[in-house]
Each structure stands twice: as structure tokens, then as C-alpha cells.
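Colleague: For the record, in the sequence shown the residue sitting at position 184 is 184 according to full-length UniProt numbering, with numbers rising by one throughout. Ideal Cβ placement from N, Cα and C applies to all residues, glycine included. Sharing a structure here in C-alpha cells format.
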Amino acid sequence: MTLITPFATTRRRVLLGAGAGLVAPGILATPLPAAAQQPQGAVIDITRARTDPIPIAIPDLPGTGEGARIGRDIARVIQANLRNSGLFRPVERQAFIQTAEAAAQTPRFQDWRVIGAQALVTGRVADQGGQVRVEFRLWDVLPETQLQGTAFTAPAANWRRIAHLISDVIFERLLGEKGYFDTRVVYVSETGPRDRRTRRLAIMDQDGENHRFLTDGRFNALTPRFHPSADRIAFMSYRDRGQPQVVLFDIGSGAQQVLGNFPGMTLSPRFSPDGRSVVLSAMRGGDANIYVVDLATRRERQLTSGGGLDVSPCFSPDGTQIVFNSDRGGDQQLYVMDANGGNLRRISFGRGRYATPVWSPRGDVIAFTRFGGGGFAIGVMRPDGSGERILSEGWAMEGPTFAPNGRVLMFHRESRATDARGGGYSARIVAINADGFNERPVPTPTDATDPAWSPLLS
Numbered sequence: 001m002t003l004i005t006p007f008a009t010t011r012r013r014v015l016l017g018a019g020a021g022l023v024a025p026g027i028l029a030t031p032l033p034a035a036a037q038q039p040q041g042a043v044i045d046i047t048r049a050r051t052d053p054i055p056i057a058i059p060d061l062p063g064t065g066e067g068a069r070i071g072r073d074i075a076r077v078i079q080a081n082l083r084n085s086g087l088f089r090p091v092e093r094q095a096f097i098q099t100a101e102a103a104a105q106t107p108r109f110q111d112w113r114v115i116g117a118q119a120l121v122t123g124r125v126a127d128q129g130g131q132v133r134v135e136f137r138l139w140d141v142l143p144e145t146q147l148q149g150t151a152f153t154a155p156a157a158n159w160r161r162i163a164h165l166i167s168d169v170i171f172e173r174l175l176g177e178k179g180y181f182d183t184r185v186v187y188v189s190e191t192g193p194r195d196r197r198t199r200r201l202a203i204m205d206q207d208g209e210n211h212r213f214l215t216d217g218r219f220n221a222l223t224p225r226f227h228p229s230a231d232r233i234a235f236m237s238y239r240d241r242g243q244p245q246v247v248l249f250d251i252g253s254g255a256q257q258v259l260g261n262f263p264g265m266t267l268s269p270r271f272s273p274d275g276r277s278v279v280l281s282a283m284r285g286g287d288a289n290i291y292v293v294d295l296a297t298r299r300e301r302q303l304t305s306g307g308g309l310d311v312s313p314c315f316s317p318d319g320t321q322i323v324f325n326s327d328r329g330g331d332q333q334l335y336v337m338d339a340n341g342g343n344l345r346r347i348s349f350g351r352g353r354y355a356t357p358v359w360s361p362r363g364d365v366i367a368f369t370r371f372g373g374g375g376f377a378i379g380v381m382r383p384d385g386s387g388e389r390i391l392s393e394g395w396a397m398e399g400p401t402f403a404p405n406g407r408v409l410m411f412h413r414e415s416r417a418t419d420a421r422g423g424g425y426s427a428r429i430v431a432i433n434a435d436g437f438n439e440r441p442v443p444t445p446t447d448a449t450d451p452a453w454s455p456l457l458s
């Protein structure tokens, strides 16, 4: 059978670029040669995939020596990523007729059609002495055409990154939207008795793997948020005699720097979309107002005034507006203003109080926590306040954060303590698709709160 030309390399130089390119530090992606080309475009509408997930076959990627193990591991990570999205249904391996080795040579499409596969992933892994070369092809089974062909060369230790990159390629090529698998999540790790918790910053891949702690627990850390470049984090620290301060943390070096010496308490830091400033809430007297701090000059500019507690600010993706929550009207509600502080208007009018707003990277909705009547909810509304929808409800949940494609959110959910000493209490991160289906736990080694999703890493 004739091979079909790959649709070239991605958006991160694997789908849109021409020729080879670095898609991540130490990972080189090159298109695989072929003879023809299938027209560009999504194969399945993402709305249809929600109700009828795409059946996809993902055999192991054959190889020799260490390459065989890495090929099995890569295939399993891809399968887990796509299944967890709720938009794909991996075909059970017991049903496979053609072997992975034979399919990597030339797929026998009748063998994959008969078991219900609509898409097929093939490839192989070559061990190159500390480096691996991972060849990957994505096939549309019904018309028997190749949608994508890319080879990744990287240190063997980066095999998991390669699996996430391939998952992103599959998501984008089949659904027509960017993936979110090659990302990280920073969160607050909580340990110890309920009334004396130790809170450390921790970071992990979006699937809960590659976990590590960023701070040592000598001081509590709260509300971590990623820089747009994904290499820095802003968070709130109690390191100076218990006084809250905003700290900038460099993920690569571990270096920490206090963001200025502001009088009073500083809260809820978050970077601007261009990464040049931080928006935060600062307590001065009995009020909390919104300020923007320029990272280059450390100069601050006050955006709100007039009494009340204005907290949890978040920029819109284009940097022109800011959403925050405030009790300035007597009850805690959501407000939106222009980035210079003008044109302030209230947008939430439902029953209950609203908090922790965050703008979707797509710009179409704002997620929030709503609480009242003894219950909590995570929901979304349009930036003008219309179209409010509740995604999940429960006893205690808070802190939504969006994946970079805006299709998935994470938040933390708490379980009620079973005794006066806090026994039975736990706090866990969960993920849910932005239209309210496919809620699932995200594994962490400790209790976990306040997740923040990174941008795509490459």
C-alpha cells in the first residue's frame, strides 16, 4: 500500500511548521517521508466526539532492547491521555488482529476496521545509546489514509514528554483543536493535622506523573500561578514572620524573589498575559484593592478603590480586562473592569456568593466558585454574566483552573471530616470537561488544593 504524506510537523513545529524543529528542550521532531497527502482538517467534530467518542487503536510501538520497553510505555501514556479526555475510546488490545510490528510496516486496514477502530496509531522506537528515535504515524482507517507522520529524537529520559506531544498531535489532528497533554500543574500539597497543615508547593505533569515538591514546608505557600512562559510561578508565602508576601519562583533554578515590599497583606497574585506584570490584591487599612505591579520596575498602580474587599483578580486572555470578586455591594460577587481600572460592572447575579474567578484561555467564559445554602459549586458564565452554568456541585470545592485549550478544568474537592479532630478529612484535585461531563480524580501523593494549569510547555 502507498504511504500518504504526513500533514507535516505540529503547531509546536509538529503540525504547522515545515521541516525539522525543536518542539521542546532536547526533543527534535522531523516529518516522516511519504508519497501523497490527505487534505488538512479535523476528522471528527468535537461535539460529536463527546457523545460518540472516537474509537482509536493504539498498539505498542515495537523496538529492540530498551526501545521495546519505552515503546510500550509511550503507547500506554497516549492511551491514558486520550481516554481521560472523554473524547476517545481506545480499542481493547485483546481485540487486535494485526501485530504491532506488522502494522508499523504496513497497516492491514481490514483488520482494524473489523474491530471497530476509526483511527490507528503505529510506529517504532529505536534505542540509540542514551537517545531514542520514536517514529509515529496516525491513520484514518476508513479511507486508509495517513493523517500524520513524525519522528522524535530525544534523550531516553524524555520518553514521557514524547508521549504527551504525540497525544497532542492526535487530539489536534482528529478534533481540529489544540491539545493540552504536554502541560504541568502546580498546586498546594497539604499534610499534617487538619488544624495544623503544612502547605508546600508541588508540581506534576497534567496526568499526575513526574511529581516533585518545590518548597520544603518551612513556611506555608498558597495560590500558585504560572507565568505565560511556564518557567516561573507567582505564589503567596508566609516566610517573613508569618506576613503574607508575593514570591516569584524560578522552576529551573529554584530561586525565589519577593515581589517588592508592600505595606500590609498581599493576596492572589497572577501574571498578565504578556508576562510583564502581576495583578494582585493588597490590604491597606480595612480595605483590599486591586493593584498591578510592573515586573521590570516594581512600580505599582492601584486599579480599584471605594471600600470593600476586592480580591482574586484575573486578566482576560487579551489583557484588556480583569475579573475579580468583591463585597463592595454588600455581598461577594464577580466584577469585570477594563485593565486600567475603568468601566467597572458587576456580572454575577445568581443565588449565593461568588469567588475565585478565572478567565478561559479561549476568552469565551469565566469559571468561578459559588457557595451558599451549605453547598459549593464550580460553574462558568460568559464575560457579560449571561449563560451561567454549574459544572459540579458538592460539599466543599474551590479554585477552578483551565487547561490551555479551554476544554478542561481542574479544581479541588474536599471531603467532610468525620470527627472533631479532623479525622477522615481529605482534599483532592479533580478534572472535568468544560461542558460539565467526564469528572475524574487527578492522582497526587498527598492532599492537594488550589491547582493551576500551565500553558503548553513547547
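Among all the DSSP beta bridges, which residues are the ones paired with Q98?
Modeller: As a first step, residue 98 must be located in the sequence shown, where it is residue number 98. For Q98, which the question treats as bridged, DSSP gives no partner whatsoever.
Colleague: Looking at A202 and H211, is the spacing between their C-beta atoms short of 8 Å?
Modeller: Stepping through the sequence shown from its first residue, residue 211 is reached at position 211. Stepping through the sequence shown from its first residue, residue 202 is reached at position 202. Yes. Within cutoff.
Colleague: Near P357, which residues of its chain fall below 8 Å by C-beta distance, leaving aside the five closest residues on each side in sequence?
Modeller: The count along the sequence shown starts at 1 and reaches residue 357 at position 357. Answer for P357: S312, C314, V323, F324, N325, L334, I366, A367, F368, listed in chain order.
Colleague: Going by the DSSP bridge assignment, what does V442 pair with across the sheet?
Modeller: What you label residue 442 is simply residue 442 of the sequence shown in a count that begins at 1. Beta-bridge pairing links V442 to I429.
Colleague: Please report the Cβ distance between P361 and G399, rounded to the nearest whole angstrom; I am assuming they are in contact, meaning their Cβ atoms lie under 8 Å.
Modeller: Your numbering for residue 361 matches position 361 in the sequence shown. Your numbering for residue 399 matches position 399 in the sequence shown. In fact, because the Cβ distance is near 17 Å, the residues do not count as touching under 8 Å.
Colleague: Going by DSSP in three states, S392 sits in which element: helix, strand or coil?
Modeller: Walking along the sequence shown from the start, residue 392 turns up at place 392. Strand, per DSSP.
Colleague: Can you find the residues in the same chain that come closer than 8 Å, C-beta to C-beta, to P404, ignoring five residues on each side of it along the sequence?
Modeller: As a working mapping, residue 404 is identified with position 404 in the sequence shown. K178, Y180, T183, P361, W453, S454, P455, L456, listed in sequence order.
Colleague: Return the CA-CA distance between G21 and A282, expressed in angstroms with no decimal places.
Modeller: Here residue 21 corresponds to residue number 21 of the sequence shown, with the count starting at 1. Here residue 282 corresponds to residue number 282 of the sequence shown, with the count starting at 1. Residue placement at G21 is flagged as unreliable, the pLDDT there being 38, under the threshold of 50; the coordinate-derived value follows with that caveat. Taking the straight line joining both Cα atoms gives about 44 Å.
Colleague: What's the C-alpha gap between L259 and R232?
Modeller: As a working mapping, residue 259 is identified with position 259 in the sequence shown. As a working mapping, residue 232 is identified with position 232 in the sequence shown. So the two alpha carbons sit approximately 13 Å from each other.
Colleague: Just the Cα atoms here: how many angstroms apart are Q110 and R93?
Modeller: Start at 1 with the first residue of the sequence shown, and residue 110 comes out as number 110. Start at 1 with the first residue of the sequence shown, and residue 93 comes out as number 93. Spanning the alpha carbons of Q110 and R93 requires a straight line of approximately 16 Å.
Colleague: Once the 5 residues before and after F437 are set aside, which same chain residues still bring their CB inside 8 Å of it?
Modeller: Reading the sequence shown from its first residue, position 437 is the one you call residue 437. Counting only Cβ-Cβ distances below 8 Å, and skipping sequence neighbours, we find R50, G86.
Colleague: For H412, report the span of its beta strand (DSSP E) as first-last.
Modeller: For the purposes of this step, residue 412 is taken as residue 412 along the sequence shown, with counting starting at 1. 408–415 is the extent of the beta strand (DSSP E) around H412.
Colleague: By a C-beta neighbour count over all protein chains shown, 10 Å radius and 16 as the cutoff for buried, is L165 buried or exposed?
Modeller: Here the question's residue 165 lines up with position 165 in the sequence shown. Buried, by the Cβ-count rule.
Colleague: On the criterion of 16 or more Cβ atoms from any shown chain inside 10 Å, does V114 qualify as buried, or is it exposed?
Modeller: The residue labelled residue 114 in the question sits at position 114 within the sequence shown. If you draw a 10 Å sphere on the C-beta of V114, you find fewer than 16 other C-beta atoms in it, and that means exposed.
Colleague: Please list the terminal residues of the continuous beta strand (DSSP E) segment that includes A29.
Modeller: Counting from one through the sequence shown, the residue named residue 29 turns up at place 29. Counting along the chain, the beta strand (DSSP E) containing A29 begins and ends at 27–31.
Colleague: Where does D168 fall in DSSP's three states?
Modeller: The residue given as residue 168 occupies position 168 in the sequence shown. Here D168 sits in helix by DSSP.
Colleague: Identify every run of the beta strand (DSSP E) within the region 198–271, keeping only runs that are complete inside it and at least 3 residues long; order them along the chain.
Modeller: 198–205, 221–226, 232–240, 243–250, 256–258, 266–271
Colleague: Please report how far the alpha carbon of D384 lies from the alpha carbon of A230, in whole angstroms.
Modeller: Counting from 1 along the sequence shown, the entry for residue 384 is found at position 384. Counting from 1 along the sequence shown, the entry for residue 230 is found at position 230. Near 29 Å, if we compare the C-alpha coordinates of A230 and D384.
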